[in-house]
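Residue numbers (our numbering): 78 to 353.
Glycine is no exception: its CB is placed at the ideal position from the N, C-alpha and C atoms.
Keep in mind it's a predicted model, so treat the numbers as computed, not measured.
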Ligand code: NAD
């Protein structure tokens, strides 16, 4: 086992309970980064609502962590509002909103971009995030002072060529929206930040590879990133790495951090010519 994985396991065995009595909604929480975050938040004492389109996975994860599940398509404003209302009716408050649901784009030339695809992708990645910020901030202002809103951006928001055009556009827009919302919501002590992951071997990324005609296992993808796309040689990206960043941004330990984008990318987007 790699040393950092051992550390993760040890952290998991003795959680620091950094979110005791906090109430969190996680969109896209049924699997991947969202699921790892839901588990970590719950282990740290949070009450978690998982909001996702994957009913079976989401419901069974919610049950296993003592949380709640709600079917939620983030492209539908009413669904996101209902997820937040569930948290409020369950525990009376909302402290943490993790706008994490997202899909990968279909690659192709900008000269033949399918505008229906652009519209569909933005309706989930971008509108879903707007819906989450809008209704979570309203609930946080009404229910208590303060809160933490976290949005999943991507290394694609920083570097071109890492994702399909509409995907890159959606993630760059999320970072802009995060800064803009943070300016308005700071007066209510609501912090708004994003996380930019890179190379997590999730279903989303594995399917994107498959569409390119490249079947790859999660371990192979992790090894590939560790070797070719990380300054931390041999260290590939994991959903847990992102979950720990989300835990920090959700907890009071980050209480003076807002309008920030936290890169969880092994240094990839900050380096040139050091990748192999
Ligand atoms: P994933 O496919 O495992 O998880 C995505 C989750 O979002 C799934 O549970 C899925 O059901 C849910 N989802 C999709 N459309 C939805 C909708 N309309 N409404 C509600 N839920 C919906 O992939 P992941 O990598 O864990 O993705 C999580 C986030 O991380 C995404 O926003 C993605 O863009 C971002 N991201 C991932 C990587 C990576 O390397 N995997 C890198 C950068 C950013």
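Rounded to whole angstroms, the separation of the alpha carbons of residue 342 and residue 351 is 14 Å. In the structure shown, residue 153 falls within a coil segment according to DSSP collapsed to helix, strand and coil. Sequence-distant Cβ neighbours of residue 135 in its own chain, meaning closer than 6 Å and more than five residues away, are 107, 127, 129 and 146. Residue 235 and residue 278 have their alpha carbons spaced roughly 20 Å apart.
Beta-bridge pairing by DSSP links residue 128 to 104 and 147.
Residue 262 and residue 162 have their C-alpha atoms some 20 Å from each other. At least one heavy atom of the ligand NAD sits closer than 7 Å to the Cβ of residue 232. Relative to the non-hydrogen atoms of the ligand NAD, the Cβ of residue 306 never comes closer than 7 Å to any of them. Under the Cβ criterion (8 Å, minimum of three pairs), the segment 203 to 220 counts as touching the segment 265 to 282. Cβ-Cβ separation between residue 224 and residue 173: approximately 7 Å, consistent with a contact (criterion under 8 Å). With a cut-off of 7 Å, the C-beta of residue 151 is classified as near the ligand NAD, since at least one heavy atom of the ligand falls inside that distance. Inclusion of residue 282 in the 7 Å shell around the ligand NAD follows from its C-beta lying nearer than that to a non-hydrogen atom of the ligand.
Assignment of residue 192 by DSSP, reduced to helix, strand and coil, places it in the helix class. Relative to the ligand NAD, the nearest heavy atom lies less than 7 Å away from the CB of residue 276.
Contact check for residue 101 and residue 327: beta-carbon distance about 7 Å, within the 8 Å limit, so the pair qualifies.
Bounds of the alpha helix (DSSP H) holding residue 326 are 316 to 327.
For residue 224, the enclosing beta strand (DSSP E) has its first and last residue at 224 to 229. Annotation for residue 221: 170 place their beta carbon closer than 7 Å to its own, counting only its chain and skipping 5 residues before and after.
Straight across, the Cα-Cα distance linking residue 238 with residue 168 is about 43 Å.
Annotation for residue 217: the continuous alpha helix (DSSP H) segment containing it runs 204 to 220. At a cut-off of 7 Å, the beta-carbon of residue 105 counts as near the ligand NAD: some heavy atom of the ligand is closer than that.
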